[in-house]
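Structure, as structure tokens:
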Amino acid sequence: MNRKILLVDDDIVQLKLFERLLTSNGYSCKLALSVDEAEAFLMTEVPDLIISDYQMPIKNGFDFRKRLLESDQFKNIPFLFLTAINDENYIQQGLDLKAIDYISKGTPSAHILSKIDNLMQSVREHYERSLSEIKGIAEKLHLRNTPKRAPLLKNFSIHYFNQSYQNQPGGDFIDFIQINERHTFIILGDVMGKKWGAWFFSFSFLSYIRSAIRLCVYDGNFSLSEILSKLNLVIHSDEILGDIFSTLSIVLIDDIDLKVHYAGAGDLPLLKYEHGKNALRSYQSDGILLGFSEESNFNEMEIELNDNEELYLISDGMIDFEVNGVKKSDLNMLKEKLYKLKKSGKTTLDIKNNLFNKHTSQVDDCSIIILNRVKR
Amino acid sequence: MNINKRKIKDVLLITIEESEANLSKSEQFKELMLQEINLGERQLIVSFAHVDYVDSSFLGALVATLKSLLPLNGKLVLIEMNADIENLFQLTRLDKIFTVKNTLETALTEF
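Spelled out as structure tokens, the structure:
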């Protein structure tokens, strides 16, 4: 992925020279001829690095830097000053404003490039270290929003795959709740959002879901409609989750009577590969997003699952594609892809490898749970 | 994020001037909408005429806006969505929550 650099200078020739140097070395650049232009760009996108001249009319580079430091959103973007003046006072003034370094306009291209490469590498390493530390702490606290393994059932097999977006935790969550030898719940949810914020709230939703299922089951209630209704009520009344919303697909497997029940809230349809049919079948639930409305109905349906048939629970990232640089959400594209893979006799692992191919452009967290009957 | 605001009598029309309505814009969009509601706006139309793709963060921001507006007897109508976005709304039942119309003219008749 190209690192994006915002270049700010009132000298268009200087900007173009820098742009040529950086783009020919794998960076993508956005040019701004003034602080106002730079700030307008920042309203639309956050770059990986800002390089700004000191001396510009109206607002100079120092003013720009001071304004960035006042913003929580922008103050941590790595910042380099660009200067034509090798004046110690100017340089010191820039460094005092927490600029990482400065580049003199007379510096040879190779040196400029090395400086920027080293800086970007160092920022990346720092980020990776922090991410690794947080992941380590989460692991120690048993904070996982996907389980370590799927339960082993007599008559069904469950496989699941989750891939986070840009190697950061996200809002998709998966759980399996095995009540006894007969009943197992499959949970797939997606907190509306991305990255850390969604990841954090996924634990709140998971806790409520686990509690609602356990409490209902404790009373002998296995109705998915009722479990979802109660779950929706408590989430609706939770002030912290007031403007956080999650989808949920919930499947109950009866491993003795060989039945599968499904209900959902704002989720994408459950997909089924049926032997002898020429397309995947969709089962669409009618529940709306968890917590949006106090009074919500969640229908429950029984789904027949025979030998050679397969069910797919998916999160919305699975239907997001990037085609010719344009992102789109397209369920039919996924259905056709899955159908062809299954029809051609691909194994579950082949299907997973194909869907999560590193060459496939991923634009969100992606999760899929595959459920099929064990042949006896 | 880039938006365009236009007042049509008591209705505020907000046009999203972005091809991707995603995470980098969702928080700002939500703040902007809540700000308008705090300033007294109760009848809102959001146009997706220039939007190709909406991610779940942005959908979350829209839902949060609507949830704030409903207790105030406000109304939010979404218009000019492309086929993919409209289909996503139907697939996830967001069309049950939101009023979705094709054009500004039909949206204005909702108020």
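Residue numbers (our numbering), protein chains in the order written: chain D, 243 to 618; chain X, 15 to 125. Even glycine gets a Cβ: it sits at the ideal position worked out from N, Cα and C. If you're wondering where the values come from, they're calculated on a predicted model, not measured in any experiment.
Residue i, enclosing alpha helix (DSSP H) - first and last residue
i, result
"residue 109 of chain X", "108-111"
"residue 283 of chain D", "277-284"
"residue 118 of chain X", "118-122"
"residue 563 of chain D", "First-last for residue 563 of chain D: 562-565, but that is the beta strand (DSSP E), not the alpha helix (DSSP H)."
"residue 390 of chain D", "Careful: residue 390 of chain D lies outside any alpha helix (DSSP H) and carries neither H nor E."
"residue 498 of chain D", "Looking at the DSSP string, residue 498 of chain D is not in any alpha helix (DSSP H), and its letter there is neither H nor E."
For residue i, three-class secondary structure by DSSP
i, result
"residue 371 of chain D", "helix"
"residue 535 of chain D", "coil"
"residue 272 of chain D", "strand"
"residue 613 of chain D", "strand"
"residue 309 of chain D", "helix"
"residue 315 of chain D", "coil"
"residue 489 of chain D", "strand"
"residue 363 of chain D", "helix"
"residue 410 of chain D", "strand"
"residue 334 of chain D", "helix"
"residue 72 of chain X", "helix"
"residue 301 of chain D", "coil"
"residue 503 of chain D", "strand"
"residue 452 of chain D", "helix"
"residue 16 of chain X", "coil"
"residue 432 of chain D", "strand"
Of the listed residues the options, nearest to residue i (C-alpha basis)
i, options, result
"residue 103 of chain X", "X:31, X:37, X:67", "X:67"
"residue 346 of chain D", "D:384, D:318, D:297", "D:297"
"residue 292 of chain D", "D:437, D:267, D:599, D:246", "D:246"
"residue 289 of chain D", "D:270, D:550, D:462", "D:270"
"residue 117 of chain X", "X:15, X:96, X:78", "X:96"
"residue 15 of chain X", "X:27, X:38, X:26, X:23", "X:38"
"residue 553 of chain D", "D:286, D:340, D:613, D:393", "D:613"
"residue 494 of chain D", "D:466, D:488, D:515, D:250", "D:466"
"residue 562 of chain D", "X:110, X:101, X:109", "X:101"
"residue 256 of chain D", "D:295, D:266, D:287", "D:295"
"residue 49 of chain X", "X:98, X:23, X:83", "X:83"
"residue 143 of chain X", "X:79, X:87, X:33", "Past the edges of chain X, shown from 15 to 125, lies residue 143 of chain X, and the structure says nothing about it."
Extent of the continuous beta strand (DSSP E) to which residue i belongs
i, result
"residue 401 of chain D", "398-405"
"residue 421 of chain D", "Taken as a continuous stretch (DSSP letters only), residue 421 of chain D belongs to no beta strand (DSSP E), as it is neither H nor E."
"residue 344 of chain D", "343-346"
"residue 43 of chain X", "Not the beta strand (DSSP E): residue 43 of chain X falls in the alpha helix (DSSP H), residues 37-52."
"residue 250 of chain D", "245-250"
"residue 29 of chain X", "25-30"
"residue 514 of chain D", "512-515"
"residue 525 of chain D", "523-525"
Classification of residue i by the beta-carbon crowding that lies within 10 angstroms, buried from 16 upward
i, result
"residue 285 of chain D", "exposed"
"residue 532 of chain D", "buried"
"residue 616 of chain D", "exposed"
Contacting positions in the region 48-69 of chain X - beta carbon closer than 7 Å to chain D: 66, 67, 69
With 8 Å as the limit, tell me which residues of the region 568-595 of chain D have their beta carbon closer than that to any beta carbon of chain X; keep them in chain order. 568, 569, 570, 571, 572, 573
Listed in chain order, which residues of the region 274-291 of chain D have Cβ atoms closer than 7 Å to some Cβ of chain X? 285, 286, 287, 288
Residues of the region 506-522 of chain D with a CB closer than 8 Å to any CB of chain X: list them in chain order, please. 508, 509, 510, 511
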